[in-house]
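Undergrad: Quick note, the sequences are listed as chains P and Z, same order. Per UniProt numbering, the very first residue in the first sequence carries number 1; after that it's consecutive. Per UniProt numbering, the very first residue in the second sequence carries number 1; after that it's consecutive.
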Amino acid sequence: MARNPRQRRPAGARSTRTSLADQFTAWRHHHRDSLADALGRMRAAPSSALMTVLVIAIALALPAGLAVLMDNARALTKGWDGQAHLSVFLQLDVDNDRQRALAEEWTGFDTVARTEVITREQALDEFKTLSGFGDVLEALPDNPLPPLIVVYPEDVAPGQIEALQRRLNGLPEVDNAQLDVAWVRRLHAIIELGDRLISVLTLGLAIAVVLVVVNTIRLAIESRREEIVVIKIVGGTDGFVRRPFLYSGFCFGFAGGLLALILVSLALWWLGGPINELLRLYESEHSLTGMAASTALVLPLFSGTLGLLGAWLAVSRHLGDIEPQF
Amino acid sequence: MIKFDRVGKRYPNGKDALRQVSFELPAGQLTFLTGHSGAGKSTLLKLIMMLERPTQGQVFVEGLNLNGIGSRHIPFLRRKIGMVHQNHQLLFDRSVFDNVALPLVIAGFARADIGKRVRAALDKVGLLDKEKLNPIMLSGGEQQRIGIARAVVNKPPLLLADEPTGNLDPALSAEIMDLFHDFARVGVAVLIATHDLSLIARYRHRLLTLREGRLIHDGEEAASQRDQDLALYAGVREDRRGP
Chain P
1 MARNPRQRRP AGARSTRTSL ADQFTAWRHH HRDSLADALG RMRAAPSSAL MTVLVIAIAL
61 ALPAGLAVLM DNARALTKGW DGQAHLSVFL QLDVDNDRQR ALAEEWTGFD TVARTEVITR
121 EQALDEFKTL SGFGDVLEAL PDNPLPPLIV VYPEDVAPGQ IEALQRRLNG LPEVDNAQLD
181 VAWVRRLHAI IELGDRLISV LTLGLAIAVV LVVVNTIRLA IESRREEIVV IKIVGGTDGF
241 VRRPFLYSGF CFGFAGGLLA LILVSLALWW LGGPINELLR LYESEHSLTG MAASTALVLP
301 LFSGTLGLLG AWLAVSRHLG DIEPQF
Chain Z
1 MIKFDRVGKR YPNGKDALRQ VSFELPAGQL TFLTGHSGAG KSTLLKLIMM LERPTQGQVF
61 VEGLNLNGIG SRHIPFLRRK IGMVHQNHQL LFDRSVFDNV ALPLVIAGFA RADIGKRVRA
121 ALDKVGLLDK EKLNPIMLSG GEQQRIGIAR AVVNKPPLLL ADEPTGNLDP ALSAEIMDLF
181 HDFARVGVAV LIATHDLSLI ARYRHRLLTL REGRLIHDGE EAASQRDQDL ALYAGVREDR
241 RGP
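#1: What is the DSSP secondary structure of D5 of chain Z, reduced to helix, strand or coil?
#2: If you follow the beta strand (DSSP E) that H318 of chain P is part of, which residue opens it and which one closes it?
#3: Let me know if S34 of chain P comes out buried or exposed under the rule of 16 or more other beta-carbons within 10 Å of its beta-carbon.
#4: Let me make sure I understand the geometry here. Which of Z:V84, Z:P26 and Z:G70 has the alpha-carbon closest to that of A193 of chain Z?
#5: What separation, rounded to the nearest whole angstrom, lies between the Cα atoms of V210 of chain P and L33 of chain Z?
#6: Which whole-angstrom value describes the C-beta separation of Q99 of chain P and P147 of chain P, a residue pair presumed to lie in contact below a C-beta threshold of 8 Å?
#7: Does the beta carbon of M137 of chain Z sit closer than 8 Å to a beta carbon anywhere in chain P?
#8: Excluding the 5 residues preceding and the 5 following Q86 of chain Z in the sequence, name in chain order all residues of the same chain whose CB lies nearer than 6 Å to its CB.
#9: Could you give the distance in angstroms between the alpha-carbon of L122 of chain Z and the alpha-carbon of E131 of chain Z?
#10: Rounded to a whole number of angstroms, what is the C-alpha to C-alpha distance between A73 of chain P and A296 of chain P?
#11: For M1 of chain Z, count neighbouring C-beta atoms within 10 Å of its own C-beta (all shown protein chains included) and say buried if the count is 16 or more, exposed if not.
#12: Which value, in whole angstroms, describes the spacing of the CA atoms of A222 of chain Z and G140 of chain Z?
#13: Would you list the one or two residues that DSSP bridges to E142 of chain Z?
#14: Find the residues of chain Z that neighbour W27 of chain P, judging by a C-beta separation of less than 9 Å, and give them in chain order.
#15: Return the chain-ordered ranges of every alpha helix (DSSP H) run that is complete within the stretch 148 to 188 of chain Z and spans a minimum of 4 residues.
#16: Quick one: which residues of the stretch 88 to 101 of chain Z get their C-beta closer than 7 Å to a C-beta of chain P? List them in chain order.
#17: Check whether the Cβ of E222 of chain P lies closer than 8 Å to any Cβ atom in chain Z.
#18: Output the residue ranges of the alpha helix (DSSP H) runs that lie fully inside the UniProt domain "FtsX extracellular" (86 to 175) of chain P and measure 4 residues or longer, sorted by chain position.
#19: Taking Cβ-Cβ distances below 7 Å as the criterion, which residues of the stretch 75 to 88 of chain Z are in contact with chain P?
#20: Quick one: measure Cβ to Cβ for G253 of chain P and G304 of chain P, integer angstroms, because I've assumed they're closer than 8 Å.
#21: Can you tell me which of the three DSSP states R10 of chain Z falls into?
#22: Compute the Euclidean distance between the alpha carbons of D178 of chain Z and A314 of chain P, then round it to the nearest angstrom.
#23: Is the stretch 242 to 259 of chain P close to the stretch 52 to 59 of chain P, with three or more CB pairs under 8 Å?
#24: Between T43 of chain Z and L191 of chain Z, how many whole angstroms is the CB-CB distance? I'm expecting something under 8 Å.
#25: Just to make sure I have the definition right: I need the residues of chain Z whose C-beta is within less than 7 Å of the C-beta of G236 of chain P. Which are they?
#26: Sort Z:D16, Z:F4, Z:V7 and Z:Q29 by Cα distance to H205 of chain Z and report the nearest one.
#27: So what does DSSP say about R53 of chain Z, is it helix, strand or coil?
#28: When you compare each of Z:S95, Z:T55, Z:P26 and Z:L25 to P12 of chain Z by their alpha carbons, which one comes out closest?
#29: Taking all protein chains shown into account, decide if G65 of chain P is buried (16 or more other Cβ within 10 angstroms of its Cβ) or exposed.
#30: Excluding sequence positions up to five away, which residues of its chain have a Cβ less than 6 Å from the Cβ of M42 of chain P?
#31: State the Cα-Cα distance for the pair V234 of chain P and P26 of chain Z, rounded to the nearest angstrom.
#32: Tell me which residue opens and which closes the beta strand (DSSP E) that D16 of chain Z is part of.
#33: Is any beta-carbon of chain Z found at less than 8 Å from that of P324 of chain P?
#34: What residues of chain C sit near F240 of chain P, judged by a beta carbon separation below 7 Å?
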């Protein structure tokens with residue numbers, strides 16, 4: 001190219017016949033027109049627009065819904081770690097007197113605050129009322145439940161609780177001393193894992209949303225090829241050409257996000273009855289909470305941003321291909 | 001208005017579309033650009049519109065050296081140039097009014113101003129009563145006039161036309177040419193690329209003739225040379241029509 005690098009670049013061919021205020025007003029109008037145009041085109045082809053919006057909504061409703069359930073699980077298990085105790089199941093042949101003597105003896109340990117005795121009969125009664133399997137248990141010839149001593153340790157370091165557990169497990173009368181905090185810890189680990197899985201899922205589905213929008217906008221660009229050529233010939237800037245497509249992308253994303261909110265709300269409403277019933281049966285004070293207002297607000301915006309990103313990718317990839325020819 | 005200074009364009013495939021082309025178009029002059037297909041007419045128009053950049057020499061529009069204009073400023077250059085196409089390049093998803101208004105909307109004119117200017121341009125081409133119609137409902141000649149209205153609506157100092165009478169009968173061609181004369185009279189530089197020899201013969205304007213990328217003729221009334229060229233291209237056209 002015969003381009004002399006030392007040559008001073010002219011200020012460029014600027015239009016001087018419109019004032020800056022006019023330009024700004026026009027720019028504002030074009031934003032408004034682009035938004036109206038994007039919505040108009042969605043209305044003009046409602047079925048294909050709905051399809052795109054639905055795909056986006058489903059892709060986002062999945063991680064959003066799971067996140068709500070995880071939030072509930074976290075709230076439900078909060079404060080459980082404090083009540084660490086050992087459930088010491090004794091051999092079946094340990095009688096009630098021996099059980100009480102053992103409990104007495106263990107209360108004397110340094111690390112034990114108090115003990116609670118649950119005899120085989122008490123265990124059976126409790127199980128009957130809580131489980132609803134009373135009839136089945138009646139039918140059994142023998143009480144299958146072992147005697148149980150619940151040992152509440154002093155407020156000590158976790159290592160000492162485990163030492164106590166080992167010591168009790170070593171006794172001949174003890175069948176199994178279970179540290180009840182372990183399953184809470186496992187639950188927390190599972191919740192942690194769930195959070196991570198949701199993050200991965202969200203990332204993957206967010207990419208899917210972007211790609212869906214890329215494809216939709218690519219088709220839109222293709223179908224408006226002539227218009228783009230004319231706009232370029234009469235002096236439209238790249239920004240002018242890009243703007244309606246960016247608004248389109250944002251609208252698809254935003255609408256998808258709103259629909260995802262509706263889907264999640266419907267799902268929670270549908271699941272809410274059984275879940276609350278389940279929680280009640282577990283004597284939990286927790287009841288299913290919906291999506292936090294902040295999340296509900298952020299979801300459509302997040303989704304709109306994904307749409308915008310998709311549109312941007314499509315536009316920067318495909319708009320350069322369309323140049324006027326004659 | 002336009003100045004070509006030893007301009008050459010070689011495409012990546014090695015073909016020289018233009019070689020050492022130099023000429024100047026003053027404001028208010030109507031000039032024909034001719035030459036058979038592949039002689040470089042399209043390339044020359046593309047260089048003015050900055051759809052291509054020259055590989056040699058310099059192109060000036062209104063004194064601006066196009067070599068120094070970055071791609072971001074190309075749209076602003078194009079706003080100074082009205083372009084009329086053989087196939088009109090109208091958009092059939094909007095009204096005549098909106099088609100003509102497009103350059104003004106892009107350039108950021110105020111709404112009220114747009115209405116006035118669009119109606120003035122439509123009045124100029126005699127289609128003021130068709131502003132609400134879709135261009136697809138209009139005849140070929142009317143569509144071409146809408147294309148012209150769009151090209152001149154923001155009063156560009158330069159008007160390029162690529163085969164503007166290509167599909168029109170002589171009477172309609174004359175109407176279109178009258179419009180171009182009117183624009184030239186008010187100071188617009190008009191460059192018309194055409195094959196239409198009868199058109200060129202009827203109006204004795206300055207004629208630029210390209211052959212294989214070279215400017216082989218540039219003159220107003222160089223009759224003998226001109227007739228020679230006309231004869232040559234008439235021959236080419238006859239050849240193409242032959243069996």
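The beta carbon of each residue, even a glycine, is placed where N, CA and C say it ideally should be. Computed from a predicted structure; not experimentally measured.
TA: Reading off the structure:
#1: As a first step, residue 5 of chain Z must be located in the second sequence, where it is residue number 5. D5 of chain Z: strand per DSSP, three-state reduction.
#2: If you number the first sequence from 1, residue 318 of chain P lands on position 318. Here H318 of chain P belongs to no beta strand (DSSP E); instead the alpha helix (DSSP H) covers A293 to H318.
#3: What you label residue 34 of chain P is simply residue 34 of the first sequence in a count that begins at 1. Buried: at least 16 other Cβ atoms inside 10 Å.
#4: If you number the second sequence from 1, residue 193 of chain Z lands on position 193. Of the residues Z:V84, Z:P26 and Z:G70, the one whose Cα lies closest to the Cα of A193 of chain Z is Z:V84.
#5: Here residue 210 of chain P corresponds to residue number 210 of the first sequence, with the count starting at 1. Here residue 33 of chain Z corresponds to residue number 33 of the second sequence, with the count starting at 1. The straight-line gap from Cα to Cα measures roughly 49 Å.
#6: As a position in the first sequence, residue 99 of chain P is number 99, starting the count at 1. As a position in the first sequence, residue 147 of chain P is number 147, starting the count at 1. Going by Cβ atoms, the distance from Q99 of chain P to P147 of chain P rounds to 5 Å, so yes, they are a contact pair.
#7: Within the second sequence, numbered from 1, the residue matching residue 137 of chain Z stands at position 137. By this cut-off, M137 of chain Z is not an interface position.
#8: Against the second sequence, residue 86 of chain Z aligns to sequence position 86. Only D162, E163 and G166 meet the Cβ criterion.
#9: Numbered from 1 along the second sequence, position 122 holds the residue referred to as residue 122 of chain Z. Numbered from 1 along the second sequence, position 131 holds the residue referred to as residue 131 of chain Z. About 8 Å.
#10: Numbered from 1 along the first sequence, position 73 holds the residue referred to as residue 73 of chain P. Numbered from 1 along the first sequence, position 296 holds the residue referred to as residue 296 of chain P. Those two C-alpha atoms are separated by around 19 Å.
#11: On the second sequence, residue 1 of chain Z is found 1 positions in, with the first residue counted as 1. Within 10 angstroms of the beta-carbon of M1 of chain Z lie 16 or more other beta-carbons, which makes it buried.
#12: Residue 222 of chain Z sits at position 222 when you count from the first residue of the second sequence. Residue 140 of chain Z sits at position 140 when you count from the first residue of the second sequence. Only weak support is given to the placement of A222 of chain Z: the predicted model assigns it a pLDDT of 43, under 50, and the value that follows is read from those uncertain coordinates. Answer to the nearest angstrom: the Cα atoms are 34 Å apart.
#13: Taking the second sequence and counting its residues from 1, one reaches residue 142 of chain Z at position 142. Note: E142 of chain Z sits in no beta bridge, so no partner.
#14: By 1-based counting over the first sequence, the position of residue 27 of chain P is 27. Those within 9 Å of W27 of chain P in chain Z are G108.
#15: Complete alpha helix (DSSP H) runs here, min 4: 170 to 185.
#16: Against chain P - using a Cβ distance shorter than 7 Å - the residues of the stretch 88 to 101 of chain Z are Q89 and L91.
#17: Locating residue 222 of chain P in the first sequence gives position 222, where the first residue counts as 1. Output row for E222 of chain P: interface = no.
#18: Complete alpha helix (DSSP H) runs here, min 4: 96 to 107, 120 to 131, 134 to 139 and 158 to 169.
#19: Near chain P, meaning a CB-to-CB distance below 7 Å, the residues of the stretch 75 to 88 of chain Z are P75, F76, L77, R78, R79, K80, M83 and H85.
#20: Numbered from its first residue, the first sequence carries residue 253 of chain P at position 253. Numbered from its first residue, the first sequence carries residue 304 of chain P at position 304. That pair is a contact at about 4 Å.
#21: Locating residue 10 of chain Z in the second sequence gives position 10, counting from the first residue. DSSP, reduced to helix, strand and coil, places R10 of chain Z within a strand of the structure shown.
#22: On the second sequence, residue 178 of chain Z is found 178 positions in, with the first residue counted as 1. On the first sequence, residue 314 of chain P is found 314 positions in, with the first residue counted as 1. Taking the straight line joining both Cα atoms gives about 45 Å.
#23: Under the three-pair Cβ rule at 8 Å, the stretch 242 to 259 of chain P counts as touching the stretch 52 to 59 of chain P.
#24: If you number the second sequence from 1, residue 43 of chain Z lands on position 43. If you number the second sequence from 1, residue 191 of chain Z lands on position 191. The beta-carbon distance between T43 of chain Z and L191 of chain Z, rounded to whole angstroms, is 14 Å. This is too long to meet the 8 Å contact definition.
#25: On the first sequence, residue 236 of chain P is found 236 positions in, with the first residue counted as 1. The contacting residues are P75 and I106.
#26: Indexing the second sequence from 1 puts residue 205 of chain Z at position 205. Taking H205 of chain Z as reference, the option from Z:D16, Z:F4, Z:V7 and Z:Q29 with the minimal CA-CA separation is Z:Q29.
#27: Here residue 53 of chain Z corresponds to residue number 53 of the second sequence, with the count starting at 1. Of the three classes helix, strand and coil, the one that applies to R53 of chain Z here is coil, per DSSP.
#28: The sequence position of residue 12 of chain Z within the second sequence is 12, counting from 1. Per the Cα distances, Z:T55.
#29: Within the first sequence, the letter at position 65 stands for residue 65 of chain P. It is buried - the Cβ of G65 of chain P has at least 16 other Cβ atoms within 10 Å.
#30: Here residue 42 of chain P refers to the residue found at position 42 when the first sequence is read from its first residue. Once the five neighbours on either side are set aside, the close Cβ partners of M42 of chain P are A49.
#31: In the first sequence, the residue the question calls residue 234 of chain P occupies position 234. In the second sequence, the residue the question calls residue 26 of chain Z occupies position 26. Using only the alpha carbons, I get a separation of about 22 Å.
#32: Translated into the one-based positions of the second sequence, residue 16 of chain Z becomes position 16. Where D16 of chain Z is concerned, the enclosing beta strand (DSSP E) starts and stops at D16 to L25.
#33: The residue labelled residue 324 of chain P in the question sits at position 324 within the first sequence. So yes, P324 of chain P belongs to the interface.
#34: The structure shown contains no chain C; the protein chains it does contain are P and Z.
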